[in-house]
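Novice: After the structure tokens below, expect a handful of questions from me.
2 protein chains.
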Amino acid sequence: MGPVRAPATRRERQREATYDEIVTVSAQLLAEGADLSLRAVAGRMGMTAPALYRYVANYQQLVDLVAFELDKAATAEWAAAAERFPEDDPAARLTVACVRFRNWALTKPREFALVFANPIAEADTQRRELLTVSTSGHYFTDLLWQIWEQRRFPFPALDELVPVIRDAVLDPLIPAKAEHIPTEDRGLLWIYMRSWSALYGVVTLESTGHCDPRVIESGQLFRATLLDWLGPLGLDEDRERLTVILDEELAAR
Amino acid sequence: MGPVRAPATRRERQREATYDEIVTVSAQLLAEGADLSLRAVAGRMGMTAPALYRYVANYQQLVDLVAFELDKAATAEWAAAAERFPEDDPAARLTVACVRFRNWALTKPREFALVFANPIAEADTQRRELLTVSTSGHYFTDLLWQIWEQRRFPFPALDELVPVIRDAVLDPLIPAKAEHIPTEDRGLLWIYMRSWSALYGVVTLESTGHCDPRVIESGQLFRATLLDWLGPLGLDEDRERLTVILDEELAAR
DNA sequence: CAGTTTCGTTAACACCATTCACGGTAAACG
DNA sequence: CGTTTACCGTGAATGGTGTTAACGAAACTG
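Shown next as structure tokens:
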């Protein structure tokens with residue numbers, strides 16, 4: 001990377017450091033099971049709450065800031081774990097990443113809720129944009145892209161899509177690296193959305209605890225959901241191999 | 254129903270009435286976009302906040318109480334809408350109910366979050382039990398049961414299930430009418446769980462706004478998810494008919 | 001009627017986000 | 001170098017939250 005964003009002036013550097021400390025302290029509070037509050041964060045930084053208003057406009061913006069960084073940090077973890085498989089095996093990497101994502105959601109439900117269950121009003125363009133740059137979103141969709149390059153699984157053609165969806169895949173508002181995808185292949189984004197919906201669904205259900213704890217503990221619901229997606233992603237031949245990986249990762253919890 | 258629970262004593266009747274008012278006022282506040290708070294509820298009832306502690310032990314219990322009643326009321330709405338199809342057509346009824354469920358989640362995201370995104374800790378047996386009596390859960394699973402009686406779609410046999418899941422379907426902790434299901438057919442509950450997971454997933458994703466607003470507006474993601482379940486529920490022959498119903502209900506929004 | 005339970009009050013505590021007026025200090029400028 | 005300016009923090013205050021405790025009145029119970 002290099003010193004791309006090392007602002008010359010001392011003031012800017014200090015400011016940047018303060019932002020970092022805000023995030024660090026917030027993550028720490030969350031990890032301790034405490035509530036995220038301006039007062040608590042400021043207090044632990046040796047400041048008073050109003051001082052934080054020099055850095056964030058309001059409480060929600062603090063939450064968004066922390067959410068973004070938590071997502072980034074968590075994604076880095078999953079990605080690192082996935083790297084036990086080579087770059088040319090995106091299917092294995094995706095399997096690992098999905099399980100790690102779930103484990104993270106189960107062990108840190110509060111953090112998960114902050115990042116993924118945080119309601120976003122339709123009108124709020126500010127926060128919608130934040131959503132678009134979600135690190136985890138880009139990571140998952142990139143892996144899907146790599147799998148597609150290898151397996152060329154089917155996806156809807158543009159003229160098969162309802163006009164609204166066509167617009168949505170041509171000019172996406174979701175976190176996905178899409179510029180590199182040729183226009184005529186943008187139907188692929190529909191697969192992104194549908195698979196993300198499925199993954200998000202089980203993980204949220206389990207993380208919020210809205211089902212039998214024994215089912216969560218066993219991981220079977222999650223497992224079945226993932227296995228259902230092997231076919232659509234052209235991974236039928238890898239079923240056995242990937243199932244082994246999946247079960248390994250689930251057992252590691 | 255009849256005066257099944259009409260407590261003789263005047264006091265008990267008054268107390269019951271107060272509970273009802275608490276719920277009514279709470280729902281009213283939520284509907285107005287205000288926050289649900291003990292003070293606000295009490296204030297609108299012409300009381301002070303501490304008085305509410307004669308009725309609920311703490312704030313979370315107020316939330317749970319309101320959540321339960323909101324769920325009950327909403328379910329009654331969906332059920333009423335579904336009754337435009339006869340009792341012997343549970344597939345059509347389920348289709349209508351699912352769409353109504355989604356519409357409710359989209360138009361009342363705050364209420365939805367209260368009932369379905371409200372995190373439940375694994376240890377909290379109190380709130381877990383509440384979950385088990387969820388009205389909507391019973392309604393949906395009952396419709397699934399009726400469909401199964403007609404179509405006899407396949408479900409896993411008990412010995413095909415992992416032991417933990419077998420335990421879970423034999424002594425379910427989820428909201429499902431199960432007593433009437435013979436032991437050897439309890440594998441059906443696995444279908445309950447999986448389909449509920451899928452429905453819960455898209456609806457939560459859409460209700461919390463964690464995807465492209467245009468996709469939500471179009472209803473295509475939800476539509477596709479539902480259509481995927483026709484096969485597993487033995488409804489392939491009804492595909493065309495049910496799709497029409499589905500699109501009708503979606504358009505009615 | 002006397003005794004007890006129930007239901008509400010007021011006061012208080014400990015939090016919370018947020019705004020405002022103020023001061024000190026460090027950077028930026030002439 | 002000195003002066004100005006912009007930034008970063010403070011303390012005080014406002015109005016909100018859940019929650020506990022001590023108390024009084026009204027309603028039921030014997």
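In the order they appear, the protein sequences are chains A and B. Taking the numbering used here, I'd label the letters of the first sequence as residues 1 to 253. Taking the numbering used here, I'd label the letters of the second sequence as residues 254 to 506. The beta carbon of each residue, even a glycine, is placed where N, CA and C say it ideally should be.
Applying a beta-carbon distance threshold of less than 7 Å, which residues of chain A neighbour phenylalanine 369 of chain B?
Specialist: Here the neighbours are His210.
Novice: How would you list, in chain order, the residues of chain B whose beta-carbon sits under 9 Å from the beta-carbon of aspartate 167 of chain A?
Specialist: Here the neighbours are Arg467.
Novice: I think leucine 474 of chain B touches arginine 194 of chain A, with their Cβ atoms under 8 Å apart; what is that distance to the nearest whole Å?
Specialist: Confirmed, Cβ separation roughly 7 Å.
Novice: Can you check which of these residues, B:Gly286, B:Ala304 and B:Ala284, is closest to arginine 292 of chain B by C-alpha distance?
Specialist: Selected option, being the one with the closest Cα: B:Ala304.
Novice: Find the nearest neighbour of aspartate 273 of chain A within the set B:Thr461, B:Ala284, B:Ser387 and B:Ser279, judged by alpha-carbon distance.
Specialist: One cannot answer for residue 273 of chain A here, as it falls past the ends of chain A, which runs 1 to 253.
Novice: Of all the CB atoms in chain B, is at least one closer than 7 Å to the CB of tyrosine 139 of chain A?
Specialist: By this cut-off, tyrosine 139 of chain A is not an interface position.
Novice: Using a Cβ-Cβ cut-off of less than 8 Å, list which residues of the segment 282 to 308 of chain B approach chain A; keep chain order.
Specialist: Cβ contacts with chain A come from no residue of the segment 282 to 308 of chain B.
Novice: Can you give the beta carbon distance from valine 133 of chain A to valine 66 of chain A, rounded, assuming they're within the 8 Å contact cut?
Specialist: That pair is no contact at about 15 Å.
Novice: Among the residues of its own chain, which have a CB less than 8 Å from the CB of leucine 495 of chain B, if the five just before and after it don't count?
Specialist: Excluding sequence neighbours, leucine 495 of chain B sits near Ala344, Ala345, Thr348, Leu483 and Leu488.
Novice: List, in chain order, every chain A residue whose beta-carbon is nearer than 9 Å to that of proline 458 of chain B.
Specialist: The residue you asked about is not proline; residue 458 of chain B is leucine in the sequence shown. Residues of chain A passing the Cβ test: Trp196, Ser197, Tyr200, Gly201 and Thr204.
Novice: Under a three-way DSSP split, which group does methionine 1 of chain A fall into?
Specialist: Confidence is the limiting factor: at methionine 1 of chain A the pLDDT is only 40, short of 50, which leaves the residue's position unreliable and the question unanswerable from this model.
Novice: Here's a check: name, in chain order, each residue in its chain whose Cβ is nearer than 6 Å to the Cβ of phenylalanine 112 of chain A, leaving out the five neighbours to either side.
Specialist: Contacts found: Ala105 and Ser207.
Novice: Quick one: does serine 471 of chain B have its CB under 7 Å from some CB of chain A?
Specialist: Yes, because at least one Cβ of chain A sits closer than 7 Å to the Cβ of serine 471 of chain B.
Novice: Using a Cβ-Cβ distance cut-off of 7 Å, determine whether proline 372 of chain B contacts chain A.
Specialist: Yes, because at least one Cβ of chain A sits closer than 7 Å to the Cβ of proline 372 of chain B.
Novice: Under the assumption that tryptophan 196 of chain A contacts proline 156 of chain A (Cβ atoms under 8 Å), give the Cβ distance between them as a whole number of angstroms.
Specialist: Actually they are not in contact, since the Cβ atoms of tryptophan 196 of chain A and proline 156 of chain A sit about 16 Å apart, beyond 8 Å.
Novice: Relative to chain B, which residues along the segment 81 to 110 of chain A have a C-beta separation below 7 Å, given in chain order?
Specialist: Going along the segment 81 to 110 of chain A in chain order, one finds Pro109 with a Cβ nearer than 7 Å to chain B.
Novice: Checking 7 Å against the spacing of the C-beta atoms, do arginine 110 of chain A and leucine 30 of chain A come in under that value?
Specialist: Yes, Cβ-Cβ distance for arginine 110 of chain A and leucine 30 of chain A is below 7 Å.
Novice: For isoleucine 469 of chain B, name the three-state secondary structure that DSSP assigns.
Specialist: Isoleucine 469 of chain B: helix per DSSP, three-state reduction.
Novice: Going by Cα to Cα distance, which pick from A:Ala224, A:Ala251, A:Gly43 and A:Leu114 is closest to aspartate 64 of chain A?
Specialist: The shortest C-alpha separation from aspartate 64 of chain A is found at A:Leu114.
Novice: With a threshold of 7 Å between beta carbons, is glutamate 269 of chain B in contact with chain A?
Specialist: So, not an interface residue.
Novice: Which one of A:Glu217, A:Ile216, A:Arg253 and A:Ala198 has the shortest CA to CA distance from aspartate 228 of chain A?
Specialist: Ranking the options by Cα distance to aspartate 228 of chain A, first place goes to A:Ala198.
Novice: I'd like to know whether the C-beta atoms of alanine 117 of chain A and alanine 370 of chain B end up nearer to each other than 7 Å.
Specialist: Yes, these two residues count as a Cβ contact at 7 Å.
Novice: Decide if alanine 329 of chain B is buried, meaning its Cβ has at least 16 other Cβ atoms within 10 Å, or exposed.
Specialist: By the neighbour-count rule (16 or more Cβ atoms within 10 Å), alanine 329 of chain B is not buried but exposed.
Novice: By the three-class DSSP mapping on this structure, what secondary structure does aspartate 491 of chain B have?
Specialist: In the structure shown, aspartate 491 of chain B sits in a helix (DSSP, three-state: H, G or I).
Novice: Tell me the residue span of the alpha helix (DSSP H) that contains methionine 446 of chain B.
Specialist: 441 to 461 is the extent of the alpha helix (DSSP H) around methionine 446 of chain B.
Novice: Excluding the 5 residues preceding and the 5 following threonine 271 of chain B in the sequence, name in chain order all residues of the same chain whose CB lies nearer than 7 Å to its CB.
Specialist: Answer for threonine 271 of chain B: Tyr308, listed in chain order.
Novice: Whose Cβ in chain B lies nearer than 7 Å to the Cβ of isoleucine 174 of chain A?
Specialist: The answer, in chain order, is Cys464 and Asp465.
Novice: Could you list which residues in chain B have their beta carbon closer than 7 Å to that of valine 162 of chain A, in chain order?
Specialist: By Cβ distance, chain B contributes Ser471 and Gln473.
Novice: Got a sec? Which residues, its chain only, sit under 6 Å from methionine 1 of chain A by beta carbon, not counting five neighbours each side?
Specialist: Residue placement at methionine 1 of chain A is poorly supported in this model, since its pLDDT is 40, which falls under 50; the coordinates are not used for a value here.
Novice: Measuring only the C-alpha atoms, how far is leucine 383 of chain B from histidine 210 of chain A?
Specialist: About 11 Å.
Novice: Among A:Leu250, A:Glu32, A:Val25 and A:Pro86, which one has its Cα closest to the Cα of glutamine 146 of chain A?
Specialist: If we check each option's Cα against that of glutamine 146 of chain A, A:Pro86 comes out closest.
Novice: Under 7 Å between C-beta atoms, does glutamate 493 of chain B make it to chain A?
Specialist: Glutamate 493 of chain B does not count as touching chain A.
Novice: Am I right that alanine 476 of chain B and leucine 503 of chain B are in contact with their C-beta atoms under 8 Å? What's the rounded C-beta distance?
Specialist: Here the sequence assigns arginine to residue 476 of chain B, which means alanine is not the residue at that position. The Cβ separation is near 7 Å, so the contact holds.
Novice: What is the DSSP secondary structure of glutamate 184 of chain A, counted as helix, strand or coil?
Specialist: Helix at glutamate 184 of chain A.
Novice: Counting only beta-carbon separations shorter than 7 Å, does glutamate 375 of chain B have a partner in chain A?
Specialist: Chain A contact via Cβ: present.
Novice: Residue range of the alpha helix (DSSP H) that asparagine 356 of chain B falls in?
Specialist: Counting along the chain, the alpha helix (DSSP H) containing asparagine 356 of chain B begins and ends at 343 to 360.
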